[in-house]
Amino acid sequence: MVVGEEAAEWFEALASYSPAAAFVRDGNGRYLWVNHAYAHLYGRDPGAVVGRSVEEVDPPGDAAIARELDRQVMESGRPVRHVIHFVHAGGAPGEAVGHRFALNVASGQGCRVGGIYVDVTDHRRALEEMAAAGEELHALRERSGLAVVSLGLDGRVERVNAGAATLLGRPSGDVEGGAVADHVEEVAGALPAGSWRALTEGRTARCGGVLVLRTARGGRPVRADLALVRRAGVPVRVMAVLTPVGAEFGDRPRVSPVQLRVLVLLASGEPNTS
79 MVVGEEAAEW FEALASYSPA AAFVRDGNGR YLWVNHAYAH LYGRDPGAVV GRSVEEVDPP
139 GDAAIARELD RQVMESGRPV RHVIHFVHAG GAPGEAVGHR FALNVASGQG CRVGGIYVDV
199 TDHRRALEEM AAAGEELHAL RERSGLAVVS LGLDGRVERV NAGAATLLGR PSGDVEGGAV
259 ADHVEEVAGA LPAGSWRALT EGRTARCGGV LVLRTARGGR PVRADLALVR RAGVPVRVMA
319 VLTPVGAEFG DRPRVSPVQL RVLVLLASGE PNTS
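The working numbering applies: residue 79 is where the sequence shown begins, and numbers increase by one.
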């Protein structure tokens, strides 16, 4: 076997089993060759597609679009990058992106059209789901009334939503970038000992405690529920949800976190027995 023939066989095998869907059609829309990935889009084997026309494989509307694209490529001789829509074997809609191009053939054999595509259905669906989740999170943060603060692992305020800014009585820009300690009374004792370090080091996923916020008019006791946010498994920030547990006061009381906790329990009707 000569090297050229062997290389051609290798290339044919690579093309046949490539994960990218590929086809070759003649000027009449008849499939001359398809690889396994292309046939799989329709739930068929390559042998069940080759020899058929595009009208026998695709729905009428899709077939008409395919024939028109073939015509444009054959007349211009220029490749076209575009998106195709199809129906999976199970009936679910699919989407693929790729190139269609004219193939040079021997004289008298007519023009051929080749195409190679990547099925992006799952990728597109994941992007849509991510966008929907982002919109839901945005609505929760900005329109639900919850007081939410994004904190860096260094203890600085990264972002304050409208609810938290209202709770603090300050514009978001006056708070963002500053240290948490600038806005909390007795910050060292506001959370259980070692819980902030355990959270930012990824040894725990959440923690919480009762603390006093320094507001524009004095202070206010709140319940702070903190949750760690990871990216690719690595801690990147902490999200805090602040819930008022008492009225705002003008003069900041000089009480310890334990005393504050007792006062909050008593204010909520809990017995001071623990």
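All C-beta atoms in this analysis are idealised placements derived from N, C-alpha and C, irrespective of residue type, glycine included.
Asked, Found
"Delimiting residues of the alpha helix (DSSP H) encompassing residue 319", "First-last for residue 319: 312-322, but that is the beta strand (DSSP E), not the alpha helix (DSSP H)."
"Cβ pair count under 8 Å reaching 3, the stretch 107-125 against the stretch 163-172", "yes"
"Which of helix, strand or coil DSSP assigns to residue 275", "helix"
"Buried/exposed call for residue 274, threshold 16 Cβ in 10 Å", "buried"
"Assigned secondary structure, residue 154 (DSSP; H/G/I helix, E/B strand, else coil)", "helix"
"DSSP bridge partner residues for residue 304 (one or two, in chain order)", "285 and 318"
"Supposed close pair residue 277, residue 316 - CB separation, criterion 8 Å", "6 Å"
"Span of the beta strand (DSSP E), counted from its first residue to its last, around residue 253", "Run containing residue 253: none in the beta strand (DSSP E); it sits in the alpha helix (DSSP H), 250-253."
"Close beta carbons around residue 279, own chain, < 8 Å, minus the five adjacent residues each side", "313"
"Residue 140 - DSSP class collapsed to helix/strand/coil", "helix"
"From 286, 228, 262 and 129, residue whose alpha carbon lies closest to that of residue 255", "228"
"Three-way DSSP call (helix, strand, coil) for residue 122 in this model", "coil"
"Continuous beta strand (DSSP E) assignments of at least 3 residues falling wholly in the stretch 167-219", "171-181 and 190-197"
"Beta-ladder partner(s) of residue 116, from DSSP", "Answer is none; residue 116 lacks a bridge partner."
"Outcome for residue 298 when other beta-carbon atoms lying within 10 angstroms are tallied against a minimum of 16", "buried"
"Candidates 251, 286, 245 and 232: closest to residue 257 by CA position", "232"
"Whole-angstrom distance between residue 101 and residue 139, CA atom to CA atom", "19 Å"
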